[in-house]
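One rule links them: number in the working numbering = place in the sequence shown (from 1) + 2. What follows is a short report on a single structure.
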Amino acid sequence: MRVKHGLGLFILILLSVNAFSQQVPAALFVTGPEQGGKPQALSISAYHADVRIAGLAYAVSCTITFYNPGSRQAAGDFYFPLPEDSVVSGYALDINGVLVDGVPVEKQKARQVFEKIVRQGLDPGLAEWTKGNTFKTRVFPIPPRGTRTIRVSFTGAVPYETNESLYRLPLNLEQAVDDVRISITADGQTAAPKVRETPLPALKFTQQGNGYTAEVRAKKTSLPRGILLALSTSSSLPPVLEKDGAGTVYFTAADIIPPPPASERVTPKQLMIYWDASGSRNPASLSASFAFLDSYLKSFGNRSITAVVEVFRNEKDRQVRFTVNNGNSAELIAWLKNLPFDGGTQLGDLSVPPAGTDLALLFSDGLSTLGQSSPPLLGVPLYCFAEGEAADYNELTSLALRNNGEAFNLSAAPLADTVDRTGRVPFSFMGIKTLQGRVDECYPLTPEPVGRSFRLSGRLVTGSATIALQYGRRGIVERETTVTLNGASAAKGRFVPLLWAQAKLKELLLDPKRNRALITDTGKEYGLVTPGTSLIVLENLDQYVENRIAPPESLPDMRKAYFSRLAQLDRNNEQAQVQKLKEIIPKWQDLVAWWNRKFTYPPNFRYREESSEKTAELDRGEGGDFAPRSMEERPAPSAAPAMEPPADISASGGAAAGSELAKKDASGEDSRASAEPEITIQPWDPDTPYLAILKKTSADKVYAAYLQERKKNAGTPAFYLDCADYFISQDMQDLGVRILSNLAELKLEDAPLLRILAHRLSQIDRLALSKSVFEEVLLMRPEEPQSYRDLALILARLGEYTRAIELLYKVVLGNWDRFEDIELIALVELNTMIPKAKAGGQAVPPVDSRLVKLLDTDIRISLTWDTDLSDMDLWVTEPSSEKAYYAHNETTIGGRVSSDFTEGYGPEEYMVKKAMKGPYKIEVNYYSSSAPSLSGSVTLQVEVFTNYGRASEKRQALTVRLRESADTVYIGEITF
Numbered sequence: 003m004r005v006k007h008g009l010g011l012f013i014l015i016l017l018s019v020n021a022f023s024q025q026v027p028a029a030l031f032v033t034g035p036e037q038g039g040k041p042q043a044l045s046i047s048a049y050h051a052d053v054r055i056a057g058l059a060y061a062v063s064c065t066i067t068f069y070n071p072g073s074r075q076a077a078g079d080f081y082f083p084l085p086e087d088s089v090v091s092g093y094a095l096d097i098n099g100v101l102v103d104g105v106p107v108e109k110q111k112a113r114q115v116f117e118k119i120v121r122q123g124l125d126p127g128l129a130e131w132t133k134g135n136t137f138k139t140r141v142f143p144i145p146p147r148g149t150r151t152i153r154v155s156f157t158g159a160v161p162y163e164t165n166e167s168l169y170r171l172p173l174n175l176e177q178a179v180d181d182v183r184i185s186i187t188a189d190g191q192t193a194a195p196k197v198r199e200t201p202l203p204a205l206k207f208t209q210q211g212n213g214y215t216a217e218v219r220a221k222k223t224s225l226p227r228g229i230l231l232a233l234s235t236s237s238s239l240p241p242v243l244e245k246d247g248a249g250t251v252y253f254t255a256a257d258i259i260p261p262p263p264a265s266e267r268v269t270p271k272q273l274m275i276y277w278d279a280s281g282s283r284n285p286a287s288l289s290a291s292f293a294f295l296d297s298y299l300k301s302f303g304n305r306s307i308t309a310v311v312e313v314f315r316n317e318k319d320r321q322v323r324f325t326v327n328n329g330n331s332a333e334l335i336a337w338l339k340n341l342p343f344d345g346g347t348q349l350g351d352l353s354v355p356p357a358g359t360d361l362a363l364l365f366s367d368g369l370s371t372l373g374q375s376s377p378p379l380l381g382v383p384l385y386c387f388a389e390g391e392a393a394d395y396n397e398l399t400s401l402a403l404r405n406n407g408e409a410f411n412l413s414a415a416p417l418a419d420t421v422d423r424t425g426r427v428p429f430s431f432m433g434i435k436t437l438q439g440r441v442d443e444c445y446p447l448t449p450e451p452v453g454r455s456f457r458l459s460g461r462l463v464t465g466s467a468t469i470a471l472q473y474g475r476r477g478i479v480e481r482e483t484t485v486t487l488n489g490a491s492a493a494k495g496r497f498v499p500l501l502w503a504q505a506k507l508k509e510l511l512l513d514p515k516r517n518r519a520l521i522t523d524t525g526k527e528y529g530l531v532t533p534g535t536s537l538i539v540l541e542n543l544d545q546y547v548e549n550r551i552a553p554p555e556s557l558p559d560m561r562k563a564y565f566s567r568l569a570q571l572d573r574n575n576e577q578a579q580v581q582k583l584k585e586i587i588p589k590w591q592d593l594v595a596w597w598n599r600k601f602t603y604p605p606n607f608r609y610r611e612e613s614s615e616k617t618a619e620l621d622r623g624e625g626g627d628f629a630p631r632s633m634e635e636r637p638a639p640s641a642a643p644a645m646e647p648p649a650d651i652s653a654s655g656g657a658a659a660g661s662e663l664a665k666k667d668a669s670g671e672d673s674r675a676s677a678e679p680e681i682t683i684q685p686w687d688p689d690t691p692y693l694a695i696l697k698k699t700s701a702d703k704v705y706a707a708y709l710q711e712r713k714k715n716a717g718t719p720a721f722y723l724d725c726a727d728y729f730i731s732q733d734m735q736d737l738g739v740r741i742l743s744n745l746a747e748l749k750l751e752d753a754p755l756l757r758i759l760a761h762r763l764s765q766i767d768r769l770a771l772s773k774s775v776f777e778e779v780l781l782m783r784p785e786e787p788q789s790y791r792d793l794a795l796i797l798a799r800l801g802e803y804t805r806a807i808e809l810l811y812k813v814v815l816g817n818w819d820r821f822e823d824i825e826l827i828a829l830v831e832l833n834t835m836i837p838k839a840k841a842g843g844q845a846v847p848p849v850d851s852r853l854v855k856l857l858d859t860d861i862r863i864s865l866t867w868d869t870d871l872s873d874m875d876l877w878v879t880e881p882s883s884e885k886a887y888y889a890h891n892e893t894t895i896g897g898r899v900s901s902d903f904t905e906g907y908g909p910e911e912y913m914v915k916k917a918m919k920g921p922y923k924i925e926v927n928y929y930s931s932s933a934p935s936l937s938g939s940v941t942l943q944v945e946v947f948t949n950y951g952r953a954s955e956k957r958q959a960l961t962v963r964l965r966e967s968a969d970t971v972y973i974g975e976i977t978f
């Protein structure tokens with residue numbers, strides 16, 4: 003039965019992360035009729051912040067209550083700007099008036115559970131890792147004239163600048179807040195922190211224990227600026243120790259470092275510049291990069307320097323050489339500013355510098371969005387530069403360290419200091435030397451350039467220990483700082499263990515692919531939001547049990563009930579795979595029986611709908627019952643007696659349908675020699691204003707015209723799809739791929755959008771890139787069988803049959819909560835790969851022998867689409883004018899349509915083993931959707947095969963967009 007979902011999903015407000023975090027305070031935006039369809043921030047009725055500072059580190063917990071003044075229930079998105087290099091360590095949402103802590107869960111599982119519950123019309127809380135420094139989560143429901151409360155906790159480092167440590171608590175709340183409470187504890191301070199800035203004059207510190215505390219409360223107060231504290235910091239900060247519930251002792255030791263003697267600075271004769279010109283960057287936001295480059299080249303005075311520039315996007319361009327005399331970089335910088343900033347980013351495509359290069363500079367945000375992400379070792383020191391908070395500084399630091407250089411945030415580092423340090427061997431933390439006792443897992447492990455301060459986190463194994471922090475260059479120790487650790491002073495707490503986990507996470511993120519499992523494990527154990535873990539809040543015990551997520555420790559009674567029910571659930575699931583095979587084998591046997599059946603029909607057969615029941619009764623034989631038309635409330639598609647394609651497409655085949663049918667004998671079989679089947683695909687023309695402009699522009703100016711239109715459509719995925727298709731159609735495939743790769747650069751972490759990109763790349767035979775994108779989709783969406791299938795089909799086209807079969811067999815044996823009978827489609831495809839694997843000498847993974855049977859067909863058509871909670875229908879009108887579709891899924895001549903996918907993505911397929919001669923018209927009907935698509939419409943991928951599963955197999959593919967429900971689009975036809 004069809005069910006139309008009434009749940010309206012809220013689309014995230016797409017703001018510039020950098021601009022947002024600099025200018026906007028914590029806010030909960032809602033959109034609805036009462037807001038005129040525009041996002042509006044709800045008022046804050048209470049703002050409580052608890053801050054602890056110790057050892058050049060801090061931990062903050064902010065509890066914020068929002069008030070909805072409207073008369074309707076609202077849904078909104080909560081944004082919270084975070085300081086640079088901070089890590090979210092806690093998240094809680096009020097459920098029935100009680101703050102419930104988020105539980106750390108694998109990111110993919112958290113998203114799977116979140117979306118499943120959303121489809122039920124409910125809304126859990128989910129906090130995910132995002133690039134840049136903005137925490138985001140969705141909040142629903144917000145009751146009319148009621149409140150919702152959110153708590154966010156995070157940890158980070160206190161920067162040491164110009165001989166003092168400065169801590170800033172960002173507030174920036176212009177509107178008055180009904181209830182304000184700020185509490186700050188500064189441990190290990192020899193004097194009270196100095197309040198440099200505050201919107202709360204009553205903020206005063208008093209001594210307490212080995213530190214100082216301050217607490218201030220206020221009513222109906224605005225907080226237009228943050229709080230800035232100058233901490234009393236000496237060169238010998240005492241280490242801070244705490245132990246967890248299991249008794250493990252953690253420590254953090256901070257060190258203030260005097261300026262070291264300067265090392266010799268490289269004066270390059272030849273300089274390599276790698277310049278990221280991808281779509282996420284543009285000259286208007288790169289002023290600091292241009293200023294650095296100008297100052298750096300000027301610093302060498304009247305010397306002559308050769309600058310070799312390699313521009314890269316989704317792939318690298320040819321290298322261009324410039325000669326910089328007397329520090330005059332005007333020509334070079336003007337050339338860089340005039341580059342088109344367009345396309346995705348593939349850091350792994352960088353070239354090794356040419357011979358004679360002294361050092362290399364990389365200007366990039368470090369966000370490799372497709373293809374290979376790790377460049378080769380360059381053989382020369384590499385210095386990396388980025389601007390703003392949205393860059394991936396972990397990746398840039400990793401690249402620099404692997405190549406004996408340093409990474410800089412040009413928005414934060416003083417220009418003169420950065421210029422001076424570029425080309426010098428960085429003064430670095432080299433490691434520790436244990437003088438007494440034992441410590442383990444001390445971070446950082448990797449040698450790390452240091453400025454005026456450094457912090458080490460580790461675990462104390464013995465009751466006490468003495469270690470030396472070692473600093474130097476080129477493997478030579480130039481400075482040591484001795485730290486004494488006493489486990490007896492460790493109180494029970496979570497602050498220092500969190501700092502240790504944050505330091506470990508930072509180390510692991512230097513190589514995120516290799517350390518993927520460790521990143522996830524660290525996040526789960528310590529409750530951190532990481533690239534592999536999210537925090538999720540569920541509403542009741544049933545949701546926790548159903549999704550096998552243990553409730554938070556703050557709900558002990560619910561946890562006890564959870565583990566009791568889970569034991570029973572495990573017993574029930576022991577036979578899950580055996581049961582799955584029992585379900586699949588009969589369905590597969592039915593499909594094999596259909597394939598083995600001989601379908602007969604009269605000469606000159608023409609389908610008449612009113613006699614279909616009788617025709618089926620007489621001609622089809624056993625097991626061929628049609629799906630009853632009364633199963634659906636919607637009308638069936640009308641019969642299509644005429645087979646007229648659009649005027650710009652010539653009809654396939656030369657003879658009229660009647661003359662073809664006249665050549666059949668009484669059995670319905672074709673008596674003439676088999677002709678080569680033809681596939682005619684209707685080219686997709688979305689007929690948009692920007693394409694109209696491109697079509698009127700000459701070939702030498704069309705890319706410039708596209709760049710101009712890009713300014714108006716930069717955030718619209720459909721724009722890149724349409725323009726890429728146009729350039730590809732004009733034999734400008736490299737530019738087309740560059741334009742298409744912008745889909746990966748939008749940074750939405752949107753699996754459906756990446757699927758579109760990967761499918762389109764596969765259609766133009768960029769299979770390696772397509773594979774890399776589908777690999778990312780599988781990591782993002784392992785709960786969806788389509789993720790395995792999509793990747794498997796690309797692997798098969800690349801000849802990697804072993805893994806392709808493994809992935810499809812996972813689809814067959816997996817337990818999917820929707821997508822009925824996708825297992826049968828996977829089995830059809832899997833069985834075409836087994837003989838190819840054997841022929842190529844590749845291993846064939848174990849597959850139950852009852853499921854092994856090649857079902858080759860004259861025609862096979864496959865339909866997939868990009869949106870969840872949406873319903874597309876594949877229609878095929880056969881030469882007899884009989885239309886095959888979901889409710890009429892077996893036809894007189896033997897055509898078969900797979901199960902109807904009503905909840906998104908597909909696939910749906912049509913097959914006919916022995917095709918009747920004549921044209922097969924292919925259409926897709928957009929029935930319904932309750933999930934808005936980020937691409938602005940529903941995007942279809944249609945694959946058409948003739949002689950499927952045979953040596954003579956031919957394949958064509960097409961991407962099409964449908965704009966609204968009830969659209970029906972003509973795809974093309976096959977003439978047999």
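Ideal Cβ positions, reconstructed from N, Cα and C, are used throughout, including at glycine. Owing to the predicted nature of the structure, the values given are computational and were not obtained by experimental measurement.
Grab me the residues of residue i's own chain with a C-beta within less than 8 angstroms of its C-beta, minus the 5 sequence neighbours each way, in chain order.
i	result
arginine 952	Asp858
alanine 839	Tyr803, Thr804, Ile807, Ala845 and Val846
valine 854	Asn833 and Ile836
serine 155	Ala61, Val62, Ser63, Cys64, Val90, Ser91, Gly92 and Tyr93
Can the beta-carbon of residue i be found less than 8 angstroms from the beta-carbon of residue j?
i	j	result
glutamate 176	proline 145	no
leucine 771	glycine 345	no
serine 280	threonine 325	no
alanine 255	arginine 550	no
Starting from residue i, follow the alpha helix (DSSP H) in both directions and report where the run begins and ends.
i	result
leucine 421	With the sequence shown as reference, residue 421 is identified as valine, and leucine is not the correct amino acid for it. Segment 417 to 423, the alpha helix (DSSP H) holding valine 421.
isoleucine 758	753 to 765
alanine 293	289 to 300
proline 719	719 to 731
serine 376	Neither: serine 376 is in no alpha helix (DSSP H) and is coded neither H nor E.
Around the C-beta of residue i, are 16 or more other C-beta atoms found within 10 angstroms, so that it is buried, or is it exposed?
i	result
aspartate 902	buried
lysine 221	exposed
phenylalanine 565	exposed
aspartate 278	buried
glycine 368	buried
Mind checking which residues open and close the beta strand (DSSP E) that includes residue i?
i	result
asparagine 70	59 to 70
tryptophan 277	272 to 278
Taking only three categories from DSSP, how would you classify residue i?
i	result
serine 772	helix
serine 306	strand
glutamine 210	strand
tryptophan 818	coil
glycine 345	coil
tryptophan 590	helix
serine 566	helix
aspartate 189	strand
valine 325	Before going further, note that residue 325 is threonine rather than valine in the sequence given. Three-state DSSP puts threonine 325 in a strand.
tyrosine 708	helix
Quick one: residues in its chain with C-beta nearer than 6 angstroms to the C-beta of residue i, no 5 flanking neighbours on either side, listed in chain order?
i	result
serine 491	Leu243
So, for residue i: in the same chain, excluding its five sequence neighbours on each side, which residues have a beta-carbon less than 7 angstroms away from its beta-carbon?
i	result
proline 630	Caution is warranted here: a pLDDT of 32 is assigned to proline 630, below 50, making its placement in the model unreliable, and the coordinate value is therefore given only provisionally. Nothing listed; no residue qualifies.
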